[in-house]
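Numbering (the working numbering), first residue to last: 161 to 806.
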């Protein structure tokens, strides 16, 4: 039975809208709607109850801290006020219950008509309160999700942190899942379970006193003697709810484990499907459809097997929840019947006892109603808190070990000072690097595969902190990095070309010139088309887009990592000539393997493996100006032609 169902019950007279079947599959555990998958299988760890309270308190404290927390506090206060008013209305409804059934018992027509109209007045007020509670509750979900998403996004998108977080491991896997699906589940479950718990507690405190006082009219006759048990009906309600909760825990406990397993298998299947879709061309070229079909079938069977186990567990739990709901209809009547048959209770008073019992028992069965949802909620709290903890541990671990110092250069140059670059496990990639790149130079870094060129590229960008020594860089606003595969944001091509700037910063004429100069003329008419441009454009065309960005932003320093790898020789020469013409004076540091690239650079730094490790060596290029660069390219081409003829 969901929280909304209970709202409906409490807004109606007892014994009118009870759900005798209970609900073995409440919101939060839907067989057809599992959470979206993570990129990696989820952690199967769990938080113990004490740890759950600590994690929840940490998350709650983070949400209400600062200005962003005030809307959450105000909405929570409004819901609390509505619940208090609702409790008053529920007590008034219970009193009406007695008067209404007394009028029926005594066949009092005028009193019956009066109570009939009173009913609609009470229900009108209660209905308004329930609608207001639903509205504010939904707003609270939105605010909690917004606040938690902002907290995670702000932490995740600190400069370089999103990249480094990928090395943390499973705790920080699939940040998209944590900030989209898990934040949604956290907000919804926390709000629903929190409001439901508060409402149940207020109902219990309100009606337990009513039920205790009414219990004095229930007299048990044992061996001809009258027995009055103080709070008799209260103890019956507590005992019945305790039995139901215990049975629910014993029978439903496997749901937590089975639910986690199913989500893990669902995540694996979805991840595999996404990989097949993303690599459809490669699979088709290798004729690998049969193998992929077999792999997907095996993963599907794992999902179905886990779902069948979960279905069996839900069916077993239904015996308890449905039976509990059916029996709950007659338990208060049977328990209070001695008082009615002894004529110490009128029929109306009996209905008041039953109504108060129903409210108390409904509050006490909170655990029974929400057991599957609580299991899902704990999982959502676990995933969100583990992600925050991974971010925190990333900074704490970094403070424990020596890191590469990336600092501004006083003369706005680039320099490596006793630079040592390591892997996360401590293995050295580059043993020693000391060099300086002056303003206006065009420096090429070469080396064998695996020598650490791309790692050096990331270290310059501040993405790779593992190692020691110092990298002194020019001002950040003067830099632009060009990876081998450029990033194209979602949206139209105009936004992709202007990235990371805004399209409004550049005129159509400037953008058009950049397209023409970089060989993208055919896309001038599609600038405002919203397409998946990272799929629509080939890698070579994407690299042309990256050079078009240079013409728009005109950075003083450009760092390239195989930025022309997908271009033909003619296109490469045309684009690299930007640094001799439109972008003359720009300082360039590039990593490349291809022949012909060196001709556009004034100096070369080589990463060479030695007995002591990989070291950085430099030499001045023989190419001094544009004319000699042309000669060098011609010599390279003649050398290649001669080798082919040989």
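Even glycine gets a Cβ: it sits at the ideal position worked out from N, Cα and C.
Answer with buried or exposed for residue i, where buried requires no fewer than 16 other C-beta atoms within 10 angstroms of its C-beta.
i: residue 692; result: exposed
i: residue 823; result: Past the edges of the chain, shown from 161 to 806, lies residue 823, and the structure says nothing about it.
i: residue 530; result: buried
i: residue 446; result: exposed
i: residue 791; result: At residue 791 the pLDDT is 46, less than 50, meaning the model places this residue with poor confidence; the figure from the coordinates comes in the next sentence. By the 10 Å Cβ count, residue 791 comes out exposed.
i: residue 660; result: exposed
i: residue 663; result: buried
i: residue 552; result: exposed
i: residue 536; result: buried
i: residue 543; result: buried
i: residue 807; result: Because residue 807 is not part of the residues shown, which for the chain are 161 to 806, the question remains open.
i: residue 454; result: exposed
i: residue 316; result: buried
i: residue 784; result: Any reading at residue 784 must be qualified, since the residue scores a pLDDT of 45, below 50, and its modelled position is unreliable; the value itself is stated next. The residue is exposed, with fewer than 16 neighbouring Cβ atoms inside 10 Å.
i: residue 501; result: exposed
i: residue 291; result: exposed
i: residue 771; result: exposed
i: residue 721; result: buried
i: residue 586; result: exposed
i: residue 237; result: exposed
i: residue 533; result: buried
i: residue 232; result: buried
i: residue 335; result: buried
Indicate whether residue i and residue j have their beta-carbon atoms separated by less than 8 Å.
i: residue 809; j: residue 569; result: This structure leaves residue 809 out entirely; the chain is present only between 161 and 806.
i: residue 377; j: residue 253; result: no
i: residue 573; j: residue 599; result: yes
i: residue 648; j: residue 592; result: no
i: residue 365; j: residue 517; result: no
i: residue 678; j: residue 696; result: no
i: residue 307; j: residue 623; result: no
i: residue 285; j: residue 258; result: no
i: residue 297; j: residue 351; result: yes
i: residue 581; j: residue 615; result: yes
i: residue 651; j: residue 690; result: yes
i: residue 436; j: residue 452; result: yes
i: residue 241; j: residue 300; result: no
i: residue 524; j: residue 401; result: yes
Going along the chain, which residues of its own chain have a beta-carbon closer than 8 Å to the beta-carbon of residue i, five neighbours each way excluded?
i: residue 640; result: 709, 710, 713, 715, 717, 718 and 719
i: residue 496; result: 378, 393, 505, 510, 513, 514 and 517
i: residue 577; result: 594, 629, 630, 631 and 632
Using a Cβ-Cβ cut-off of 6 Å (strictly less than) and excluding sequence neighbours within five positions of residue i, which residues of its own chain qualify?
i: residue 418; result: 469, 470 and 473
i: residue 245; result: 289
i: residue 262; result: 506 and 508
i: residue 375; result: 391, 392 and 393
i: residue 343; result: 305, 308 and 309
i: residue 566; result: 622 and 631
i: residue 562; result: 628
Going by DSSP, name the residue or residues bridged to residue i.
i: residue 566; result: 631
i: residue 590; result: 581
i: residue 595; result: 576
i: residue 719; result: 641 and 749
i: residue 316; result: For residue 316, which the question treats as bridged, DSSP gives no partner whatsoever.
i: residue 652; result: 690
i: residue 768; result: 775
Run the proximity test for residue i: is its beta-carbon closer than 7 Å to any non-hydrogen atom belonging to the ligand HEM?
i: residue 427; result: You won't find the ligand HEM in this model; it holds no ligand whatsoever.
Looking only at its chain, what residues have a beta carbon closer than 7 Å to the beta carbon of residue i, apart from the 5 residues adjacent to it on each side?
i: residue 788; result: Below a pLDDT of 50, predicted positions are generally treated as unreliable, and residue 788, at 48, falls in that range; the measurement from the model is reported next regardless. Cβ neighbours of residue 788 beyond the five flanking positions: none.
i: residue 338; result: 312, 543, 544 and 547
i: residue 275; result: 256, 259, 260 and 263
i: residue 583; result: 589 and 626
i: residue 277; result: none
i: residue 684; result: 672 and 675
i: residue 665; result: 658
Compute the beta-carbon to beta-carbon distance between residue i and residue j, rounded to the nearest angstrom, for a pair I have assumed lies under 8 Å.
i: residue 456; j: residue 433; result: 7 Å
i: residue 357; j: residue 526; result: 6 Å
i: residue 520; j: residue 397; result: 5 Å
i: residue 216; j: residue 541; result: 6 Å
i: residue 706; j: residue 646; result: 4 Å
i: residue 239; j: residue 355; result: 6 Å
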